[in-house]
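In this note's numbering, the protein residues as written are 1 to 404.
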């Protein structure tokens, strides 16, 4: 994630979540272009905000920003509209919400803020790739939406079931993503992480994983040719999903899963292999952008024979990793170098490795497929003579709900 700067005399650094400049105390936020965090001046007479270079364009804070500090979104006002036309009250990111937690329970509010921070970071990365990103008002058939709900009591860290509530699964279903509010609670999430034997479980990771399912439908399933090619890399996703899920939780992962999969959960079904690999591609790209922003990517062992090497392109920083022209070989080689630095920094702080995963050659190949799918360059991916996966894929169903 990039940092930004205020226009004040100190050029104070602004972070993605910033809502106020700590130097000049002006309101800062992100508008519906969803590209830049920047300062806004207040017209005290009207109560409206404006950017100094465009004083004729007026903004107001997103309702979730003004009332709950759940985001830093700014909403452009249509000052030319008839008086009886109502302005939009939600910002770009908040318009993707279909259901938010019950805010009459005050303990839900700080957890909802965490959900919104993770969601906005995920959406920002998607927008950087120029991927289709429409809410259900814009696209009722294929738009993206979110439910943030729970079936358990926040007061005991989501142990007790709420009376009369239906079980809530984190998952994706036809463009609609549900995230259980319990995932924003550190205690509840840690208990689940230990119970499932996971080395990595984060709120942002959930968003990226479930968005992977959404973009499988958008980028792959809608094209018979791309879908057929995808099966060669990830396996046959037309196998029964529920059967595979039951088998996975009964028997566990194959002993040799590390040879061809990024995680144990990825072995469960080709759908999950795709979503786990997609999430890791997002982890890598966002973290590398952050490292590049602070000039700490370290050395790179990129293959100089690659025809699309970054050094030859002299790309600006903003498109260094997100450009379609940037070599996936260079990206992954740079990541391997930087992950060593990242893990070493964590160990110096007495913490577990930030990235406790191994990128084997089959996993790198799957990450390459994701890279080419995002940039609509799957025609560059060769058809496999042999199945990439060393473990026979198990499963299918359109229900990709992930058990908690």
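All residues carry an ideal CB built from backbone N, CA and C; glycine is no exception.
Checking 7 Å against the spacing of the C-beta atoms, do residue i and residue j come in under that value?
i: residue 211; j: residue 184; result: no
i: residue 140; j: residue 218; result: no
i: residue 59; j: residue 76; result: yes
i: residue 1; j: residue 29; result: no
i: residue 234; j: residue 273; result: yes
i: residue 179; j: residue 213; result: no
i: residue 72; j: residue 22; result: no
i: residue 335; j: residue 296; result: no
i: residue 275; j: residue 209; result: yes
i: residue 332; j: residue 364; result: yes
i: residue 360; j: residue 259; result: yes
i: residue 129; j: residue 338; result: no
i: residue 293; j: residue 3; result: yes
i: residue 50; j: residue 92; result: no
i: residue 107; j: residue 154; result: yes
i: residue 134; j: residue 143; result: yes
i: residue 62; j: residue 90; result: yes
In this structure, what does DSSP give as the bridge partners for residue i?
i: residue 173; result: 176
i: residue 5; result: 13
i: residue 405; result: In this structure the chain extends from 1 to 404, so residue 405 is not present and cannot be described.
i: residue 28; result: 39
i: residue 148; result: 179
i: residue 135; result: 144
i: residue 161; result: 152
i: residue 60; result: 75
i: residue 20; result: 27
Rank the options by C-alpha distance to the C-alpha of residue i and give the top, closest one.
i: residue 216; options: 198, 180, 254, 175; result: 175
i: residue 17; options: 270, 36, 192, 351; result: 36
i: residue 410; options: 261, 350, 354, 271; result: With the chain represented from 1 up to 404, any question about residue 410 goes unanswered, as that position is not in the structure.
i: residue 198; options: 268, 264, 350, 208; result: 264
i: residue 355; options: 367, 366, 342; result: 342
i: residue 278; options: 136, 228, 169, 126; result: 126
i: residue 26; options: 39, 51, 34, 111; result: 39
i: residue 94; options: 107, 338, 187, 123; result: 123
i: residue 110; options: 168, 50, 182; result: 182
i: residue 266; options: 357, 52, 143, 137; result: 357
i: residue 368; options: 143, 90, 324; result: 324
i: residue 116; options: 280, 70, 88, 105; result: 70
i: residue 240; options: 103, 353, 268; result: 268
i: residue 232; options: 177, 200, 53, 382; result: 382
i: residue 362; options: 230, 105, 330, 262; result: 262
i: residue 379; options: 286, 194, 230, 195; result: 230
i: residue 288; options: 340, 246, 242, 255; result: 340
i: residue 24; options: 136, 9, 282; result: 9
i: residue 120; options: 326, 344, 286, 327; result: 286
i: residue 329; options: 243, 366, 344; result: 366
i: residue 114; options: 14, 326, 56, 186; result: 186
i: residue 405; options: 102, 257, 246, 196; result: One cannot answer for residue 405 here, as it falls past the ends of the chain, which runs 1 to 404.
i: residue 291; options: 47, 345, 137; result: 345
i: residue 353; options: 327, 200, 237; result: 200
i: residue 282; options: 194, 256, 118; result: 118
Answer with yes or no whether the minimum CB distance from residue i to chain B is below 7 Å.
i: residue 256; result: In the structure shown, chain B does not exist; there is a single protein chain.
Checklist entry - Would you call the stretch 211 to 223 and the stretch 248 to 262 touching, i.e. three or more CB-CB distances under 8 Å? => result No, the stretch 211 to 223 is not in contact with the stretch 248 to 262.
Item to check | Every unbroken beta strand (DSSP E) inside the stretch 70 to 109 [3 residues or more] | outcome: Counting only unbroken stretches of 3 or more residues, the beta strand (DSSP E) elements lying wholly within the stretch 70 to 109 are 74 to 76, 97 to 99, in sequence order.
Checklist entry - So, do the stretch 130 to 148 and the stretch 90 to 105 have three or more beta carbon pairs nearer to each other than 8 Å? => result Yes, they touch.
Item to check | Every unbroken beta strand (DSSP E) within the stretch 243 to 290, with a cutoff of 3 residues, ordered by chain | outcome: For the stretch 243 to 290, not a single whole beta strand (DSSP E) run of length 3 or above is found.
Item to check | Segment contact, 8 Å Cβ cut-off, at least three pairs: the stretch 158 to 173 with the stretch 51 to 71 | outcome: In short, these stretches do not touch, since the Cβ pair count stays below three.
Checklist entry - Is it a yes or a no for the stretch 346 to 355 touching the stretch 370 to 377, going by three-plus beta-carbon pairs under 8 Å? => result Short answer: they don't touch.
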